[in-house]
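Peer 1:
In full-length UniProt numbering, the protein residues as written are 1 to 729.
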């Protein structure tokens, strides 16, 4: 039945009255902790058809059936067991029975209280599968551990080896890393994966992380991605460390200072971990991740712990006394296989293309990134094009990887180049739907071009549980900024991210700048004039961002009257600490896809005269403590995300919010004076509603969707009977 696309790892069938708030809840928490995606039968409406149940079972890798004392008293449970038995017989569906405080013989032999003729066959078939019983493992927590371990082993065993370009050349490398990991040795080890950019360090680390999942049971596992890139965001390294250790210790929002509390250090010292720190480029970064004390690192976690670090900087690993594995480029045969996938959509180039393919990969020096990009560029091209393209590469003396990447960029069309540069410079790691909407304004073929860039490996589609992101490899982002900086003199440069350059350009009128992104963490004080943006008719992207109030707030200053205007061409406006009471009246924001005015103590309302926001997908007004009015969003049919947390002066959420039919997330946390909410929220897509610490809110709106998350912490709210809430486990 497996087709490589299981939606759920486990389907859990249980008698709610017996175990929902005890054994089953503990099991679900343990499955979630191990990143095992489970479908609990509470997620099915009891009125839904057996057809829907069959569909869910066919989308699940295996089923857990928890037999308990009153299991057979529920016709719904009996229906489920009969259906599971049917799917097991017809499709080979795997089942793991759990006998919780019942004797297996009551089910499979005598049937005892289960003696209902028409269900006997199904009950016996399921109960006779190999499972676990609380009679043998009497402590619930131990039984849960055994079940989770068994599920992990079964899932790994059931899953076929994926034929993926990510796995080419991986097996031998994983074996070498496994020797360094020595998982059977009870000591603490740091293993460093060192190599040049684009060589596949992260891919190897991820493959090891996934491969050794079943070998690290009872271990806290975490993969911390893109550390060097992320350090400039989310409160820098402090934010990364806080998030990482909060997850490890299963505590909410641990501050950096609180990690020095002896009790927490004691807990960590008893914690066995399997961690990956990806893209660590400085010794300081690793020091932060290991709580600033490398001398005592080997006592930070319990014996048996392993940490994998990926880096381009060997000294980082030497200073950490790591076991170092040098990640080499792909060998010639591996390179041909990877090139074949991207240039021909098969595992090796055809025989009559082998000579040209060998020439092509010789320029890539074993770099998987360069091979993917070059293969994507040459895909579906004739031999004369190949000859011409490779001839241009031959003209470069000793071509390096960046020459191969640049040559592939040069082959793009005008629109493709513009979309690639915007994404690489400004939209890296943004949600795909936001990126698509951003480009759809002005480019009818944006969807096709974006997919083409993904096909050429210049962009990467990364899926998470909630949405898809578009990402760009760090080498390609470096290349993009090099291209931008080389294209012209500063006054005519299309995109800017250097603080000094931005300061200069904002004093010039009528420049051709298309995008400005400034990290205020690095910037000095900046004083703008009311007319600063006059003449910037091409400006699509404007971002003044900081991630720490201590370092960023109020670094950009405006005259007392604020700005005279902003360009109508803007599609993306993010301005943290916006220093004015409202946005300028001479600004028609119909092209805005994202508007984020965060952490501003000044803004009271977004506009004096309400404009139409027809393209807006995300509105972020969090921590604007003096904001009194939410913009009129009745003309915003595309709005999906509305963030208003920390707006302490907000009293009312207007009724038109209920008609936002595409809304996915509504965050009103810490709106301490909010008391009036719409009667309904009509969006069928609504998944996340945050109403924590809203002491004046006493009634939750009627919600016509299946919520994944509803946060009512510290809020005296009453749920109406029509408010259907489904919590994720």
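Glycine included, each C-beta is placed from N, C-alpha and C at the ideal position.
Because the structure is a prediction, the values reported are computed rather than measured.
1) Quick one: residues in its chain with C-beta nearer than 7 Å to the C-beta of residue 228, no 5 flanking neighbours on either side, listed in chain order?
2) Could you name each continuous beta strand (DSSP E) segment of 3 residues or more that falls completely within the region 549–607, going from the start of the chain to the end?
3) Distance, Cα to Cα, residue 98 vs residue 63?
4) Residues in the same chain with beta-carbon distance under 7 Å from residue 628, minus the five sequence neighbours each way, listed in chain order, please.
5) May I have the straight-line CA-CA distance separating residue 525 from residue 283, to the nearest angstrom?
6) When DSSP labels each residue in this structure, what does residue 401 get in the three-state scheme?
7) For residue 69, does the three-state DSSP call read helix, strand or coil?
8) Identify which residue in 128, 578, 71 has its Cα closest to the Cα of residue 100.
9) In angstroms with no decimal places, state the Cα-to-Cα distance between residue 353 and residue 482.
10) Would you mind giving the Cβ-Cβ distance between residue 223 and residue 271, rounded to the nearest angstrom? I have them listed as a contact below 8 Å.
11) Taking its Cβ as the centre, do 16 or more other Cβ atoms sit within 10 Å of residue 142, making it buried, or is it exposed?
12) Helix, strand or coil for residue 342 per DSSP?
13) For a minimum of 4 consecutive residues, which ranges assigned as the alpha helix (DSSP H) are wholly contained in the region 444–527?
14) With H, G and I counted as helix, E and B as strand and the rest as coil, what does DSSP make of residue 610?
15) Do residue 375 and residue 343 count as a contact pair if the criterion is CB distance below 8 Å?
16) Could you give the DSSP three-state label for residue 210: helix, strand or coil?
17) Would you give the residue range spanned by the beta strand (DSSP E) that residue 192 belongs to?
18) Taking the C-alpha atoms as reference points, what is the distance between residue 754 and residue 326?
19) Can you tell me where the alpha helix (DSSP H) holding residue 229 begins and where it ends?
20) Measure how close the beta-carbons of residue 660 and residue 668 come, nearest whole angstrom, since I'm counting them as under 8 Å.
21) Please give the ranges of any beta strand (DSSP E) in the region 306–358, keeping only runs that are unbroken, at least 3 residues long and fully inside the region.
22) Could you check what DSSP says for residue 628 in three-state terms: helix, strand or coil?
23) Here's the rule I'm using: 16 or more other beta-carbon atoms within 10 Å means buried, otherwise exposed. How should residue 695 be labelled?
24) What distance in whole Å lies between the Cβ atoms of residue 469 and residue 430, which are believed to be in contact at a cut-off of 8 Å?
25) Would the region 82–90 and the region 142–153 be scored as touching if the rule is three or more Cβ pairs under 8 Å?
26) Could you work out which residue in 102, 248, 308, 31 is closest to residue 734 when comparing CA atoms only?
27) Can residue 377 and residue 504 be called in contact, C-beta distance under 8 Å?
28) Would you tell me roughly how many angstroms separate the C-alpha atoms of residue 413 and residue 215, rounded to the nearest one?
29) Can you find the residues in the same chain that come closer than 6 Å, C-beta to C-beta, to residue 305, ignoring five residues on each side of it along the sequence?
30) Considering only residues of the same chain and omitting the five flanking positions on each side of residue 443, which have a CB-CB separation below 8 Å?
31) What residues in its chain sit with their C-beta under 6 Å from that of residue 523, if we drop five residues either side in the sequence?
32) Short of 7 Å in beta carbon distance, which residues of its chain neighbour residue 25, apart from the five on each side in sequence? Order them along the chain.
33) Leaving out five residues before and five after residue 428 in sequence, what residues of the same chain have Cβ atoms less than 7 Å from its Cβ?
34) With burial defined as no fewer than 16 other Cβ atoms inside 10 Å of the residue's Cβ, what is the status of residue 531: buried or exposed?
35) Looking at C-alpha atoms only, which residue of 613, 22, 626 is the closest neighbour of residue 772?
36) Can you tell me where the beta strand (DSSP E) holding residue 8 begins and where it ends?
Peer 2: Taking the geometry as given:
1) 279, 280, 281, 285
2) 572–575, 594–596
3) The straight-line gap from Cα to Cα measures roughly 11 Å.
4) 604, 605, 649, 650
5) 30 Å
6) helix
7) coil
8) Per the Cα distances, 71.
9) One C-alpha to the other measures close to 33 Å.
10) Actually they are not in contact, since the Cβ atoms of residue 223 and residue 271 sit about 16 Å apart, beyond 8 Å.
11) exposed
12) helix
13) 446–455, 474–487, 499–505
14) Residue 610 carries a coil assignment under DSSP once its states are collapsed to helix, strand and coil.
15) yes
16) helix
17) 189–194
18) Since the displayed the chain opens at 1 and closes at 729, residue 754 lies outside it and no answer follows.
19) Residue 229: member of the alpha helix (DSSP H) spanning 227–230, first to last residue.
20) Going by Cβ atoms, the distance from residue 660 to residue 668 rounds to 14 Å, so no, they are not a contact pair.
21) 306–311, 323–326
22) In the structure shown, residue 628 sits in coil (DSSP, three-state: anything other than H, G, I, E or B).
23) By the 10 Å Cβ count, residue 695 comes out exposed.
24) Right, the Cβ-Cβ distance comes to about 7 Å (below 8 Å), so this counts as a contact.
25) no
26) As shown, the chain starts at 1 and ends at 729. That puts residue 734 outside it, with no answer to give.
27) When the beta-carbon positions are compared, residue 377 and residue 504 stay at least 8 Å from each other.
28) 48 Å
29) 188, 272, 273
30) 415, 419, 449
31) 499, 555
32) none
33) Scanning its chain for C-beta atoms nearer than 7 Å, with the 5 sequence neighbours on each side dropped, one finds around residue 428 the residues 471, 472, 477, in chain order.
34) exposed
35) Beyond the ends of the chain as shown, which are 1 and 729, falls residue 772; an answer cannot be given.
36) 8–13
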